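S.K.: Structure below; questions to follow.
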Amino acid sequence: MPSHNNSRRPYLPAFRRDWWLQLRFYQLYMLREATVLPLLFFISCLIYGLYSLSQGESQWLKWLDFMARPWVVALNVLTLAASLFHAKTFFELFPRVMPLAPPSLMIAVQWLATVVVAGGFVVLLGAWV
Amino acid sequence: MSNSGQQPTRSDEPIWWALFSAGGVCFAVVIPGAILAVGVLYPLGLIPGEMLGFERIRHLLFESFLGFAGFIFVGVAICLPLFHAFHRIRHGLHDLQWAHGWAAKSACYCSATLLSVIALGLWVAAH
Amino acid sequence: MTSRNIGIMRYNPEQDKKPHTESYQVEADDNTSVLDALQQVQQQDPSLSFRWSCRMAICGSCGVMVNSVPKLGCQTFLRDYPDSLVISPLSNFAVEKDLIVDMEPFLEHLSAIKPWLINSEQSTVPHVQTPQQLARYQQFANCINCGLCYSACPQFGLNPEFRGPAALALAHRYNLDSRDLGKAERMPQLNAKDGVWTCTFVGFCSEVCPKKVDPAAAINQGKVESAKDMILSVFKSSGVR
């Protein structure tokens, strides 16, 4: 209908820049996406560790001191929380992207993998075993 | 017929999405344990310093698994999570309407590639 | 029946520069839906424009934003909004008048992915389908084209060229149908930047879907299909040469 449309004046407001603040669901989405920011901090720690390892024992000891500084520990605790929040969202989305088995089973198996790997690290580096 | 337009071009996004997904698995499965051990339990004294001794870590990274343990660790704890992180940053920049398009995309994936190359280079250099 | 206040976004293109909220008194009890309330207001002010038809969540006409969340008016009840309730037109679409939006962009995206059975095979024998074959796509076949998922999708708001949740879910639905042979025709649309790849799995589309279609799952399964299609295309092009 090309003609007699003279009174049409469709109104489309600009998409809000702060759209993600408007609903709790969107806030949680942004939080999920933001988990990569503390992740980048931990990756930087690891790269710094690799560098220190390549520079010899005294630099390696400096890295160990660095990892024990309170602000570094605080950021790493935050990163641990972020990785667990990411894991929760990722494990719940995965069965919807690849429905291979009942979702609750897939979620449980993925958490099991995380626990097994964490156990592996602790056993490998812990002195209790 | 529906010859109303050209076929749209294929996106290269499957490549980035595959790296993002692989990195997402690493972030969820490998990273929590790694941070727990090195970033939390060690500084709290629950893992003694000698277990993270220079020679011991060198041995773990460069000699176990036919010498490839360090390579695997760099891959699953650094490189793939880097691509995961920069993929989300790229889409986050678009979501926040801060930046999008070719420049933001290249900056993100170039950063991930560069940092991955540095990490792998350090693994080689530390031998 | 008690009297209560509701807000309605009004826009008259012949008089107003932009939409504004007006408040109205309606009589409501536990069974009063948003659509009922709109019809009451229309008795007071016949100039109020909104779409509706079936009153039973099957026609998909009465989609509106209820306190900034896309809802079917017939399926949403005033009792669930004891404090305040503002009804506005569906987000991410241009408002024509009051609660009526221009759904044309949605319909264009929908037709672009060819949401119908494509099968040129001439046969008098019916296409038999087993319950297992039906189960593969049945969930994605419940879409009523109400458009709520487009109002829920920030990626569609940011990029109106994005094919969007309902269209991509229906593309997936027909690609999964054993009677359909049109996947090769649909994949180029899915493979494009404005196809499945604009989606970042916000997931609010699936949250607001009145028919539990889970379009977010369909789109992300479409990403797996598109990735496979890319690998196949590399093999095909290298095999021909």
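Chains as they are written, first to last, in this note's numbering: chain A, 928 to 1056; chain B, 507 to 633; chain C, 74 to 314. Every residue gets a Cβ at the ideal spot worked out from N, C-alpha and C, and that includes glycine. All values derive from a computational prediction rather than experimental measurement.
In the segment 205-286 of chain C, which residue ranges form an unbroken alpha helix (DSSP H) of at least 4 residues, counting only runs that do not cross its ends?
M.R.: 221-225, 227-231, 238-248, 256-264 and 277-281
S.K.: Can you name the residues of chain B whose CB is closer than 8 Å to the CB of residue 951 of chain A?
M.R.: Simply none; closest approach about 16 Å.
S.K.: Under 8 Å, CB to CB, which of the residues in the segment 243-267 of chain C have a partner in chain B?
M.R.: 261, 262, 264, 265, 266 and 267
S.K.: What three-state label does DSSP hand residue 518 of chain B in the structure shown?
M.R.: Reduced to three states, the DSSP call for residue 518 of chain B is coil.
S.K.: Pick helix, strand or coil for residue 85 of chain C, following the three-state DSSP scheme.
M.R.: For residue 85 of chain C, the secondary structure class from DSSP, reduced to helix, strand or coil, is coil.
S.K.: Just to confirm my understanding: we take residue 187 of chain C, look at its own chain, exclude 5 residues before and 5 after, and list those with CB closer than 7 Å. What are they?
M.R.: 255, 258 and 259
S.K.: Compute the Euclidean distance between the alpha carbons of residue 1039 of chain A and residue 534 of chain B, then round it to the nearest angstrom.
M.R.: 11 Å
S.K.: Excluding sequence positions up to five away, which residues of its chain have a Cβ less than 8 Å from the Cβ of residue 91 of chain C?
M.R.: The answer, listed in chain order, is 84.
S.K.: Mind listing the chain C neighbours of residue 515 of chain B? Cutoff is C-beta to C-beta under 7 Å, in chain order.
M.R.: 265
S.K.: How many Å lie between residue 564 of chain B and residue 982 of chain A at the Cα?
M.R.: 12 Å
S.K.: Count the other CB atoms within 10 Å of the CB of residue 246 of chain C; is the residue buried (16 or more) or exposed (fewer)?
M.R.: buried
S.K.: How about the segment 155-172 of chain C and the segment 181-198 of chain C: do they share at least three Cβ pairs that are nearer than 8 Å?
M.R.: The answer is no - the segment 181-198 of chain C does not touch the segment 155-172 of chain C, with fewer than three Cβ pairs under 8 Å.
S.K.: Measuring straight from C-alpha to C-alpha, what distance separates residue 509 of chain B and residue 248 of chain C?
M.R.: Residue confidence for residue 509 of chain B is low, a pLDDT of 44 falling below 50, so the modelled location carries little weight; the figure read from the coordinates is stated next. The alpha-carbon atoms of residue 509 of chain B and residue 248 of chain C are separated by roughly 21 Å.
S.K.: Note down the Cα distance separating residue 576 of chain B from residue 629 of chain B, rounded to an integer number of angstroms.
M.R.: About 7 Å.
S.K.: In angstroms, rounded to a whole number, what distance separates the CA positions of residue 956 of chain A and residue 275 of chain C?
M.R.: Taken atom to atom, the span from the alpha-carbon of residue 956 of chain A to that of residue 275 of chain C is near 6 Å.
S.K.: Under a CB-based cut-off of 7 Å, is residue 158 of chain C close to chain A?
M.R.: No, residue 158 of chain C lies away from the interface with chain A (no Cβ there is under 7 Å from its Cβ).
S.K.: Say whether chain B places a C-beta atom closer than 7 Å to the C-beta of residue 189 of chain C.
M.R.: no
S.K.: What are the residues of the segment 1010-1038 of chain A that lie near chain B, defined by any Cβ-Cβ distance shorter than 8 Å?
M.R.: With the criterion set as a beta carbon lying under 8 Å from some beta carbon of chain B, the members of the segment 1010-1038 of chain A are 1010, 1011, 1013, 1014, 1017, 1018 and 1037, in sequence order.
S.K.: Quick one, are the C-beta atoms of residue 541 of chain B and residue 1052 of chain A less than 7 Å apart?
M.R.: Against a cut-off of 7 Å, the Cβ pair of residue 1052 of chain A and residue 541 of chain B comes out as no contact.
S.K.: Quick one: which chain A residues come within Cβ less than 7 Å of residue 523 of chain B?
M.R.: Going along chain A, no residue has its Cβ under 7 Å from residue 523 of chain B, so there is no contact; the nearest lies around 10 Å.
S.K.: Where does residue 305 of chain C sit, in a helix, a strand or coil, going by DSSP?
M.R.: Per DSSP, reduced to three states, the secondary structure at residue 305 of chain C is helical.
S.K.: Can you tell me where the alpha helix (DSSP H) with residue 169 of chain C in it begins and where it stops?
M.R.: Element bounds for residue 169 of chain C: not the alpha helix (DSSP H) but the beta strand (DSSP E), 168-170.
S.K.: So, under 8 Å CB-CB, residue 117 of chain C and residue 97 of chain C are touching, yes? Tell me the CB distance rounded to an integer number of Å.
M.R.: 7 Å
S.K.: By the criterion of Cβ-Cβ separation under 8 Å, what are the contact partners of residue 935 of chain A in chain C?
M.R.: 86 and 169
S.K.: Closer than 8 Å, Cβ to any Cβ of chain C: which residues of the segment 587-604 of chain B, in chain order?
M.R.: 597, 600, 601 and 603
S.K.: Pick from C/203, C/198, C/228 and C/243: whose alpha carbon is nearest that of residue 215 of chain C?
M.R.: In this structure, C/243 is the residue among C/203, C/198, C/228 and C/243 with its C-alpha nearest to the C-alpha of residue 215 of chain C.
S.K.: Measure the alpha-carbon distance for residue 88 of chain C versus residue 185 of chain C and round it to whole angstroms.
M.R.: 35 Å
S.K.: Could you tell me the distance, in whole angstroms, from the CA atom of residue 111 of chain C to the CA atom of residue 74 of chain C?
M.R.: The straight-line gap separating the alpha-carbon atoms of residue 111 of chain C and residue 74 of chain C is approximately 16 Å.
S.K.: What in chain A is Cβ-close to residue 297 of chain C, meaning under 8 Å?
M.R.: Result: 1024 and 1025.
S.K.: Could you tell me whether the Cβ of residue 613 of chain B comes closer than 7 Å to any Cβ of chain A?
M.R.: no
S.K.: Mark residue 935 of chain A as exposed unless 16 or more other C-beta atoms lie within 10 angstroms of its C-beta, in which case mark it buried.
M.R.: exposed
S.K.: Is any beta-carbon of chain B found at less than 7 Å from that of residue 240 of chain C?
M.R.: no
S.K.: When the cut-off is 7 Å and only beta carbons count, does residue 942 of chain A lie next to chain C?
M.R.: yes
S.K.: Could you confirm whether any beta carbon from chain A is found closer than 7 Å to the beta carbon of residue 207 of chain C?
M.R.: Using a CB distance cut-off of 7 Å, residue 207 of chain C does not count as an interface residue toward chain A.
S.K.: Tell me the rounded alpha-carbon separation between residue 210 of chain C and residue 183 of chain C.
M.R.: Going by the C-alpha atoms only, they are around 17 Å apart.
S.K.: Any C-beta of chain B sitting closer than 7 Å to the C-beta of residue 193 of chain C?
M.R.: no
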